[in-house]
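In the working numbering, the protein residues as written are 2 to 545. Glycine residues also receive a C-beta, built at the ideal position from the N, C-alpha and C atoms. Since the structure is predicted, the reported quantities are computational estimates derived from the model, not experimental observations.
Written out as structure tokens, the structure is:
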């Protein structure tokens, strides 16, 4: 009996011990899981900080899709330039001169790696939309005082916003190349002395300022320290000035049809004058005005839109987007005889002849940037297609695409210099896939092995560019925005305003009336444009 009691007691003690141990192990396992989850969370938080990645659940404004679209355009320019030496993006799809039958050169597919020029045109259309959207909205709300204040503020801040990051970035690149022997993004001869280099730097930067008075010396506008990628900055500023003046011009026009007619007439005049920059900015402005009008009309509308009407709208929007995506992959054109344009002198570009050969027939390839018109058409179609297609807008608002939008300015301005810095690593990617690294990349036959090496190259290239782009946004882009605001605030804080409260509005209205009357009486719709650009300059403006 005693033995049974001792046995039962021992079994109970053992069971209690096992229960306690299991409980301890459970708590220990739970604590370990929590600790592991915390470490993972902290790791990703560190990565977000390093790469300047946006926090989750950030509230987006209604035009955030434009940020994402700009980010994808900047990423396409990055891909476009990093193709150099890996794939000849200038060849069309087919057999014959300047053609190749490889499947990756087919329409739509080629857009993924050969649409850098169209991406620049898309930049300009987006800028025209963004710069005008808020002010056009205020016009519709009859809040003209606030609109004029916003317009004045935009004029104050725009130059600093565009030029300050470029000035600082190119100065840093100049120092890195001179003092630390970093690879130069383009071949140039350094000055003999540091002061001489500073003088060259100042000269290069001054040539980026408006007005551009170098129709026969366009190469002087190309800043050698950043590889020439800042060539679009003065054009961006010029397009911004056009938008600001046109916003004043149409500020008292209440009818949207009249306003759009005026803007589109200016677009037509810009393309006639071979000024694709102003034309593309104004197209972006026209689309912004149209979308704002549609939003206001929807608020006044009684009852929901019919399903059939919405279905037709979605189909049309998708067709516009697909057309823009297709046209963005336009191959480089080649003239058989540059002395004499015409349909017989333009080499065939299969699947694009239907639109380019009629233009060549009328001589538009002789002294004009006709392909830029087609790329502008592609960029505008992409803007409209994305802006009018809900699913595409939602893609633009996803976190990663918004991240590309955040770093887009830095990614665009820094990727050429970083390409030169990372170029020596190309031979290792080739070796990994078993190819001979001594054969220059342009002489290699395109193959699956070379494509794998190309993808290997993109991994560190994207990592470095995203990191630098994030730093650029944090330390150059955002501070330049704040500097513009502080400069405006400082300027407005000087002096005293002794005028009666109502006088500024009267003066503003009078000024706008004078501008409108002068533009109409001049007999030229675009006679108000502030520009000293020679027509010859546009024929020499470089591709991306």
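Counting along the chain, no alpha helix (DSSP H) covers residue 254, and no H or E run does either. Per DSSP, reduced to three states, the secondary structure at residue 294 is helical.
In this structure residue 207 is exposed. Its beta-carbon is surrounded by fewer than 16 other beta-carbon atoms within 10 angstroms. Between residue 231 and residue 414 a beta carbon distance of about 6 Å is seen, short of the 8 Å cut, so the two are scored as contacting.
Counting C-beta atoms within 10 angstroms of its own C-beta, residue 329 has 16 or more neighbours from the protein chains shown and is therefore classed as buried. Separation of the CB atoms of residue 55 and residue 404 is rounded to 6 Å, and the pair is thereby assigned contact status at 8 Å. For residue 352 and residue 108, the gap between their C-alpha atoms comes out near 7 Å.
Taking C-alpha positions only, residue 184 is separated from residue 201 by approximately 18 Å.
Residue 175 is classed as buried because its beta carbon has at least 16 other beta carbons within 10 Å across all chains shown. Look at the beta carbons and you see the region 275–282 touching the region 118–135: at least three pairs across the two are nearer than 8 Å. Counting C-beta atoms within 10 angstroms of its own C-beta, residue 119 has 16 or more neighbours from the protein chains shown and is therefore classed as buried. Residue 162 and residue 477 have their C-alpha atoms spaced approximately 10 Å apart. Annotated three-state conformation of residue 68 is helix, per DSSP.
In the three-state reduction of the DSSP assignment, residue 336 falls in the strand class.
Using a Cβ distance threshold of 9 Å, residue 227 and residue 190 do not count as a contacting pair. Per DSSP, residue 182 is not a residue of any alpha helix (DSSP H), being assigned neither H nor E. In this structure residue 84 is not in contact with residue 92, their Cβ atoms being roughly 12 Å apart against a cut-off of 8 Å. The region 340–425 contains, as complete alpha helix (DSSP H) runs of 4+ residues, the segments 354–362, 371–388, 391–397, 400–407 and 409–423 (chain order). Residue range 479–494 is occupied by the alpha helix (DSSP H) that includes residue 485. As the crow flies, the alpha-carbon of residue 319 is around 32 Å from that of residue 449. Its Cα nearest to that of residue 234, the residue 164 stands out among 164, 272 and 242. Restricting attention to 209, 245 and 241, the CA atom closest to the CA of residue 229 is found in 209.
No Cβ-Cβ contact shorter than 9 Å links residue 155 with residue 250. Residue 451 has no beta-bridge partner at all, per DSSP. Taking C-alpha positions only, residue 409 is separated from residue 43 by approximately 26 Å. Look at residue 196 here: in three-state DSSP terms it is helix.
Here the region 451–463 makes contact with the region 419–429; the two share three or more CB pairs at distances below 8 Å. For residue 93, the three-state secondary structure derived from DSSP is strand. Excluding sequence positions up to five before and after residue 177, its CB lies within less than 6 Å of the CB of 183, all in the same chain and listed in chain order. Between the beta-carbon of residue 388 and that of residue 288 there is about 7 Å, and that keeps the pair under the 8 Å contact cut. One alpha carbon belongs to residue 307, the other to residue 137, and they sit about 28 Å apart. In the displayed model, residue 85 falls within coil according to three-state DSSP, outside both helix and strand.
Within a 10 Å sphere around the beta-carbon of residue 376 sit 16 or more other beta-carbons, which makes this residue buried. Residue pairing of residue 100 in beta bridges, as defined by DSSP: 93. Between the C-alpha atoms of residue 146 and residue 139 there is a straight-line separation of about 9 Å.
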